[in-house]
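J.:
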Amino acid sequence: MAEPVIAYDEALKNFDPVLGLEVHVELGTRTKMFCGCSTEFGGEPNTHVCPVCLGLPGALPALNRIGVESAIRIGLALNCDIATWCRFARKNYFYPDMPKNFQTSQYDEPICFNGYLDVDIETDEGRKTFRVDIERAHMEEDTGKNTHMGGATGRIHGADYSLVDYNRAGIPLIEIVTKPITGTGKYAPEVAKAYVAALRDILRNLGVSDVKMEQGSLRCDVNLSLRPTPQDELGTRSETKNVNSLRSVERSVRYEVTRQAARLLKGERIVQETRHWHEDTGVTTSGRSKEQAEDYRYFPEPDLIPIAPSREWVEELRATLPENPAFRRARLTESWNLSDLEMQNLINAGVIDLVETAVNAGMSPDAARKWYTGELARVANERSVEVEELGVTHVELARIEELITSGALNDKLARQVLEGVVAREGDVDSIIASRGLAVVSDDGPLLEAIKAALAADPEVAEKIASGKLQAAGAVVGAVMKSTRGQADAARVRELLFAHLGVSE
Amino acid sequence: MAGISRDDVAHLAHLARIDIPESQLAHYATQLDAILDAVAKVSGLDTQDVVPMSHPVKMENVFREDIPAPSLNAQQALSGAPAVEDSRFRVPRILDEE
Amino acid sequence: MSELIRKDASELAALLSSSEVSAVEVTQAHLDRISQVDKKVHAFLHVDTAGALATAKDIDTRRAAGEKLGVLAGVPLALKDILATQGLPTTVGSRILEGWIPPYDATVVKKLREAGIVILGKTNMDEFAMGSSTEHSAYGPTHNPWDLERIPGGSGGGSSASLAAFEAPLAIGTDTGGSIRQPAAVTGTVGVKPTYGGVSRYGVVALASSLDQVGPCGRTVLDTALLHSVIAGHDPMDQTSINAPVPSVVQAAQRGDIAGMRIGVVKELGGEGYQAGVQQRFDEAVVVLQSLGAEIVEVSCPSFDYALAAYYLILPSECSSNLAKFDGIRFGMREGDDGTRSVEQVMSQTRAAGFGDEVIRRIILGTYALSAGYYDAYYGQAQKVRALIAQDFAKAFAKVDVLVSPTAPTTAFKIGEKMDDPLAMYLNDIATIPVNLAGLPGMSLPMGLAPEDGLPVGIQIMAPAMADDRLYNVGAALERALVSQWGAPILSSMAGV
Chain A
23 MAEPVIAYDE ALKNFDPVLG LEVHVELGTR TKMFCGCSTE FGGEPNTHVC
73 PVCLGLPGAL PALNRIGVES AIRIGLALNC DIATWCRFAR KNYFYPDMPK
123 NFQTSQYDEP ICFNGYLDVD IETDEGRKTF RVDIERAHME EDTGKNTHMG
173 GATGRIHGAD YSLVDYNRAG IPLIEIVTKP ITGTGKYAPE VAKAYVAALR
223 DILRNLGVSD VKMEQGSLRC DVNLSLRPTP QDELGTRSET KNVNSLRSVE
273 RSVRYEVTRQ AARLLKGERI VQETRHWHED TGVTTSGRSK EQAEDYRYFP
323 EPDLIPIAPS REWVEELRAT LPENPAFRRA RLTESWNLSD LEMQNLINAG
373 VIDLVETAVN AGMSPDAARK WYTGELARVA NERSVEVEEL GVTHVELARI
423 EELITSGALN DKLARQVLEG VVAREGDVDS IIASRGLAVV SDDGPLLEAI
473 KAALAADPEV AEKIASGKLQ AAGAVVGAVM KSTRGQADAA RVRELLFAHL
523 GVSE
Chain B
11 MAGISRDDVA HLAHLARIDI PESQLAHYAT QLDAILDAVA KVSGLDTQDV
61 VPMSHPVKME NVFREDIPAP SLNAQQALSG APAVEDSRFR VPRILDEE
Chain C
475 MSELIRKDAS ELAALLSSSE VSAVEVTQAH LDRISQVDKK VHAFLHVDTA
525 GALATAKDID TRRAAGEKLG VLAGVPLALK DILATQGLPT TVGSRILEGW
575 IPPYDATVVK KLREAGIVIL GKTNMDEFAM GSSTEHSAYG PTHNPWDLER
625 IPGGSGGGSS ASLAAFEAPL AIGTDTGGSI RQPAAVTGTV GVKPTYGGVS
675 RYGVVALASS LDQVGPCGRT VLDTALLHSV IAGHDPMDQT SINAPVPSVV
725 QAAQRGDIAG MRIGVVKELG GEGYQAGVQQ RFDEAVVVLQ SLGAEIVEVS
775 CPSFDYALAA YYLILPSECS SNLAKFDGIR FGMREGDDGT RSVEQVMSQT
825 RAAGFGDEVI RRIILGTYAL SAGYYDAYYG QAQKVRALIA QDFAKAFAKV
875 DVLVSPTAPT TAFKIGEKMD DPLAMYLNDI ATIPVNLAGL PGMSLPMGLA
925 PEDGLPVGIQ IMAPAMADDR LYNVGAALER ALVSQWGAPI LSSMAGV
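Residue numbers (my numbering), protein chains in the order written: chain A, 23 to 526; chain B, 11 to 108; chain C, 475 to 971.
#1: Would you please verify whether the beta carbon of Asp76 of chain B is less than 8 Å from any beta carbon of chain A?
#2: In the DSSP assignment, find the alpha helix (DSSP H) that holds Gln819 of chain C and state where it starts and stops.
#3: Using only CA atoms, which one of C:Leu594, C:Lys531, C:Val549 lies nearest to Leu562 of chain C?
#4: Give me, in chain order, the residues of the same chain whose beta-carbon lies closer than 8 Å to that of Met11 of chain B; leave out the 5 immediate sequence neighbours on both sides.
#5: Tell me where the alpha helix (DSSP H) around Tyr277 of chain A begins and ends.
#6: Looking at chain B, is there any beta carbon in it that lies within less than 8 Å of the beta carbon of Phe805 of chain C?
#7: Runs of 4 residues minimum, wholly inside the stretch 653-682 of chain C: which ones carry the alpha helix (DSSP H) assignment?
#8: At which residue ranges does the stretch 475-554 of chain C contain complete alpha helix (DSSP H) runs of 4 or more residues, listed in the order of the chain?
#9: Using 8 Å as the limit for Cβ to Cβ distance, is Pro92 of chain B near chain A?
#10: Ignoring anything shorter than 3 residues, give me the beta strand (DSSP E) runs that lie fully in the stretch 74-157 of chain A, in order along the chain.
#11: Does the beta-carbon of Met475 of chain C have 16 or more other beta-carbons within 10 angstroms, so that it is buried, or is it exposed?
#12: Any idea what DSSP makes of Gln492 of chain A, helix, strand or coil?
#13: For Asp894 of chain C, collect the residues of the same chain with a Cβ closer than 6 Å to its Cβ; drop the 5 residues on either side in sequence, then sort them by chain order.
#14: In this structure, does DSSP put Phe56 of chain A in helix, strand or coil?
#15: Please give the ranges of any beta strand (DSSP E) in the stretch 242-267 of chain A, keeping only runs that are unbroken, at least 3 residues long and fully inside the region.
#16: Tell me the rounded alpha-carbon separation between Thr648 of chain C and Gly671 of chain C.
#17: Return the residues of the stretch 24-35 of chain B that lie within a Cβ-Cβ distance of less than 7 Å from chain A, sorted by chain order.
#18: Determine the extent of the alpha helix (DSSP H) in which Met899 of chain C is found, giving its start and end residues.
#19: Less than 8 Å between the CB atoms is what I'm expecting for Phe805 of chain C and Leu78 of chain A, so what's the real figure, rounded?
#20: Taking just the CA atoms, how far does Pro643 of chain C sit from Thr564 of chain C?
#21: Using 8 Å as the cut-off, can you tell me whether the stretch 843-859 of chain C makes contact with the stretch 606-621 of chain C, which would need three or more C-beta pairs spanning the two stretches below that distance?
#22: Starting from Lys167 of chain A, follow its DSSP beta bridges and name the residues at the other end.
#23: Run through the DSSP bridge pairs and tell me what Leu557 of chain C is partnered with.
#24: On the premise that Leu700 of chain C lies in contact with Ser484 of chain C, defined as a C-beta separation below 8 Å, what is that separation, rounded to the nearest angstrom?
#25: Could you tell me which chain C residues have their CB closer than 9 Å to the CB of Lys122 of chain A, listed as they occur along the chain?
#26: For Ala538 of chain C, which of C:Leu551, C:Val500, C:Leu914, C:Ser493 has the nearest alpha-carbon?
#27: As a quick exercise: from C:Val739, C:Val740, C:Pro690, C:Ser715, pick the residue whose alpha carbon is nearest that of Val724 of chain C.
#28: For a contact defined as C-beta to C-beta under 7 Å, what are the partners of Met599 of chain C on chain A?
#29: Check whether the stretch 445-458 of chain A touches the stretch 481-491 of chain A, taking contact to mean three or more Cβ pairs, one atom from each stretch, closer than 8 Å.
#30: Taking Ala48 of chain B as the query, report the chain C residues whose CB atoms sit under 9 Å from its CB, ordered along the chain.
#31: Measure the beta-carbon distance from Ala783 of chain C to Ala87 of chain B and round it to whole angstroms, keeping in mind my assumption that it falls under 8 Å.
#32: List, in order along the chain, the chain A residues whose C-beta lies closer than 7 Å to that of Leu88 of chain B?
#33: With respect to the alpha helix (DSSP H) encompassing Phe871 of chain C, which residues constitute its N-terminal and C-terminal limits?
#34: On a CA-only basis, which of A:Glu91, A:Tyr138, A:Glu261, A:His298 is nearest Thr51 of chain A? Give me that one, please.
#35: Taking Cβ to Cβ, would you say Thr885 of chain C is nearer than 8 Å to Asp927 of chain C?
#36: Using a Cβ cut-off of 8 Å (strictly closer), state whether Met821 of chain C contacts chain A.
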């Protein structure tokens, strides 16, 4: 079953890869594309259905405005042109998860077209920006879900029958298709992965989908073909499905390059077909042959009215776009005076938004970074949660910073206060009060503590008085201990010297 | 224009998922050929600058708000189903992965 | 008081409103009539005796309690079996939906219920509305009450026959290429196809989505208008429905004044291919219109000669897609599932067993017309011809207010006469098809009996989009004049079932 492959480097010596990526995004609208059924995940089978999404005789589709808006916003974020007039089309084919045995989609009139996305990859020559041209983004609907029964693995081969749940049928999908991606050379896998990652970032940022590849709200099909040199015509491509993670994107591209190269070098031809990626074994296997391309008999959908987004509406939607993530990162790196590595740390810790909020509220970038990548990251790690799940906001942090600056808290006390915030005991001041965490600011008790420490260690006073100032450390330590860390060490030291009549 | 042959009918019947018996293929082909001949008349009109009309209605931008509406319950949804199991539609084995 | 079943809907409405009769009495009278004659006519596929009487009883109770009810509350109606009715079988005249009970109501059905109209049952039709004679019903043909050996027209032969047989005073049909108007013409009744988008298609099993419309049927123009105003109107569940007020059809039907109106006679819709008696009665009707003060103008719409060809490309294309959902998976018949066969095999066998041959013919033709390589020449070209037809109408309506023609080229032919020749059958729609392609409203009403066979002939009136009221104005004027001429409504001449 596993096909022979050759080494990747060997493959690249002989061929030039051309990529094509088709990404389907499941929109996070409240209702389906063509009916008012809920899109909520989970739910008992066939309970989020109605005559429309079940494809019952007589039912008609009713287009969801937010589906259209989301499509336009996605197109704008991908630098696409937005159609001035377009329609839906019927894509006709039979399959049990298709309630109408046609999919309401778009054919030669996509709502968005001619866009691009710039992605960064690491190459031998350092970081490079690669422009992926986008052919189109269009609206369509999702299918129901088949569960195959009776077979060994729950996969289709050998299954006796299937059970169909139409809850998912009709959920809005946006399909984003790249133009053939050429010129990647050996970096094809990296470009593919970077593209999907960047796309995912943008979509998440737009708020149009939760883009979870593992859950299927972001799906990627990888098309790959090889040609002897970039000057040659495009070769026959394979389409690989079941690519469910960024890692799979990269690995499946790499594998397909080696598989196709092996065949071509043996003089065999590439079959135009759909293949299935297996993350566990790291190979693709043959699915349906697309030798005879399916005739979908597209024609304009007569049950839906054409969409003609006015340029005013498009501009209104453009104004709702958040800043492009890459631009934002560059801007903040400069504004916060960070190195690329420091910014990368913020991104990896997932705290860039939190830091920005804190800075906007007045905290210094350094202080914010210190907290979020330092103490808060540590606490979050201990509890195996994300930093933002701790629920510590810039308000608490700003107050703690303030109290540290004024001397009312030291770092050790501050950490305890933070514990209290995470434990939801209340705001900073009430935690300090209830836990008794304030630095002792009254000299009286400090002096008492100093005297007690000196009394416990009679020789040390002489040592200090005779000029061995470092001996003061032991006294300060003892006072800190007896005040449970609630003394300001510097003040203790000052008082000690004053008490002994020694100058520093 | 080419007519419809018996083999054409067989191919189209497959596309349309209708199991027309072998014995009837030729008969359908004859009838369809005659009909096709008659409808091919449309090519007789000069339509060079004509914009195709796929719809009598001249509207644009008809939308529904993204507000949930009542769904059927599972029992209603499955009420007409020829075969049901586990609250889902039971279908014979599917040969090909989609 | 003459028999309740012989009364018009408007007469019944008046009697019900004044409580001179009860809805139960009226309903029972019609149910009795159905029991008496439907064995011969076979207009009904399903009679909902219990449901009809329950509705009638409810209307009576509410009226007695002083509740204000709609004009047609308590009036019975026959519903073409193509509209989804919750809890009642809906077969579309096909075996593939035998036993299917929809879990929802079509919007039109909801409106009828809200208006208090009593739904007597579902009427027979050509399978999936494909036909002009109701002979393609999987459940046997309907017989024309004028001559039981003749067809009642199609696809809505059941609805028109139920009216002509006095089984119901009102009926609902659908019209894609003439399926309301042609049956009306051959049964001596009135039928209207509203402007496309004027009546909701939600819940109406689709044949050709860009052509289908639901429409009212009755024995008089006024009755039809009353029903039209109940069922028409915007529906958010049908995004192709028109968001505008319903034209004032009832007022127009009550007026019936055409003095000064310009009426166009379409040159291409008449003459050769039309039965002599049909043409004669049409020419006479045109003279009557003139005598009522209308100006008659001859108009030419050359593209109409291509309408039939364009229609029989567009309809099969759309229906091949609309009928794909009938696959034995979610509803309806499933055949061949013996546990060993694949879903593809079961789908294919189910469809072959469940669809009749006219349906299969049109699906195959449509699949062909949409296939890669053929789309431009067939479907694509047909849509251009459609545009030309719309243009011809626009040019005509710049000169006249309405157009007229005979509704159908012949009177009712004998059952079995045209079944072997699909093309001959298609020719029945030659005059009715153009308005479907252009989305315009059209009416058929009786214009007399053909001299050679004594069978009813109908005149078709066509109007611009959203001008449905013009149909009723002209129709009412002509009806008044003709009935006066005949001395009695045309159905009085019917020998009786």
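Positions of the beta carbon are idealized from the N, C-alpha and C atoms, including for glycine. Bear in mind that the values here come from a model prediction, so they are computed numbers and not experimental data.
T.: According to the data block:
#1: Locating residue 76 of chain B in the second sequence gives position 66, counting from the first residue. Yes - at least one Cβ of chain A is within 8 Å of the one on Asp76 of chain B.
#2: Start at 1 with the first residue of the third sequence, and residue 819 of chain C comes out as number 345. Here the alpha helix (DSSP H) through Gln819 of chain C covers 817-828.
#3: Position 88 of the third sequence, counting from 1, holds the residue named residue 562 of chain C. Of C:Leu594, C:Lys531, C:Val549, the residue nearest in Cα terms is C:Leu594.
#4: Within the second sequence, numbered from 1, the residue matching residue 11 of chain B stands at position 1. Note that Met11 of chain B scores a pLDDT of 48, beneath 50, so its modelled location is shaky and nothing firm can be said.
#5: Translated into the one-based positions of the first sequence, residue 277 of chain A becomes position 255. Segment 268-287, the alpha helix (DSSP H) holding Tyr277 of chain A.
#6: To locate residue 805 of chain C, count along the third sequence from 1; it is residue 331. It does; some Cβ of chain B falls within 8 Å.
#7: 655-661
#8: 483-491, 497-515, 523-538
#9: Residue 92 of chain B sits at position 82 when you count from the first residue of the second sequence. Not an interface residue.
#10: 111-114, 124-127, 134-145
#11: Walking along the third sequence from the start, residue 475 of chain C turns up at place 1. Residue placement at Met475 of chain C is poorly supported in this model, since its pLDDT is 48, which falls under 50; the coordinates still yield a value, given next. So Met475 of chain C counts as exposed.
#12: By 1-based counting over the first sequence, the position of residue 492 of chain A is 470. It is helical.
#13: Here residue 894 of chain C refers to the residue found at position 420 when the third sequence is read from its first residue. For Asp894 of chain C, where only same-chain residues beyond five positions count, there are no Cβ hits under 6 Å.
#14: For this step, residue 56 of chain A is matched to residue 34 along the first sequence. It is coil, neither helix nor strand.
#15: 260-265
#16: Looking up residue 648 of chain C in the third sequence gives position 174. Looking up residue 671 of chain C in the third sequence gives position 197. Those two C-alpha atoms are separated by around 13 Å.
#17: Leu25, Arg27
#18: Along the third sequence, read from residue 1 onward, the residue named residue 899 of chain C stands at position 425. First-last of the alpha helix (DSSP H) with Met899 of chain C: 896-900.
#19: Locating residue 805 of chain C in the third sequence gives position 331, counting from the first residue. Locating residue 78 of chain A in the first sequence gives position 56, counting from the first residue. Correct: roughly 7 Å between the Cβ atoms.
#20: Walking along the third sequence from the start, residue 564 of chain C turns up at place 90. Walking along the third sequence from the start, residue 643 of chain C turns up at place 169. Thr564 of chain C and Pro643 of chain C: Cα-Cα distance of roughly 21 Å.
#21: no
#22: Translated into the one-based positions of the first sequence, residue 167 of chain A becomes position 145. DSSP output for Lys167 of chain A lists A:Asp187 as bridge partner(s).
#23: If you number the third sequence from 1, residue 557 of chain C lands on position 83. Answer is C:Val678, bridged to Leu557 of chain C.
#24: Locating residue 484 of chain C in the third sequence gives position 10, counting from the first residue. Locating residue 700 of chain C in the third sequence gives position 226, counting from the first residue. Right, the Cβ-Cβ distance comes to about 6 Å (below 8 Å), so this counts as a contact.
#25: For the purposes of this step, residue 122 of chain A is taken as the residue at position 100 of the first sequence. Under the 9 Å cutoff, chain C gives Ser795, Asn796, Ala798, Lys799.
#26: Locating residue 538 of chain C in the third sequence gives position 64, where the first residue counts as 1. Considering only alpha carbons, the answer is C:Ser493.
#27: Along the third sequence, one-based indexing puts residue 724 of chain C at 250. Minimum Cα distance to Val724 of chain C is reached at C:Pro690.
#28: Mapped onto the third sequence, residue 599 of chain C falls at position 125. Those within 7 Å of Met599 of chain C in chain A number zero; the least Cβ separation is about 14 Å.
#29: no
#30: To locate residue 48 of chain B, count along the second sequence from 1; it is residue 38. Near Ala48 of chain B (Cβ distances below 9 Å), the residues of chain C are Leu782, Ala783, Tyr786, Leu897, Tyr900.
#31: Translated into positions along the third sequence, residue 783 of chain C becomes position 309. Translated into positions along the second sequence, residue 87 of chain B becomes position 77. That pair is no contact at about 41 Å.
#32: As a position in the second sequence, residue 88 of chain B is number 78, starting the count at 1. Simply Asn68.
#33: On the third sequence, position 397 is the one that residue 871 of chain C refers to. Residues 855-873.
#34: The residue labelled residue 51 of chain A in the question sits at position 29 within the first sequence. Looking at the Cα atoms, A:Glu91 is the closest of the given residues.
#35: Taking the third sequence and counting its residues from 1, the one referred to as residue 885 of chain C is at position 411. Taking the third sequence and counting its residues from 1, the one referred to as residue 927 of chain C is at position 453. The answer is yes: Cβ separation under 8 Å.
#36: Walking along the third sequence from the start, residue 821 of chain C turns up at place 347. Taking Cβ atoms only, chain A reaches closer than 8 Å to Met821 of chain C, which makes this a yes.
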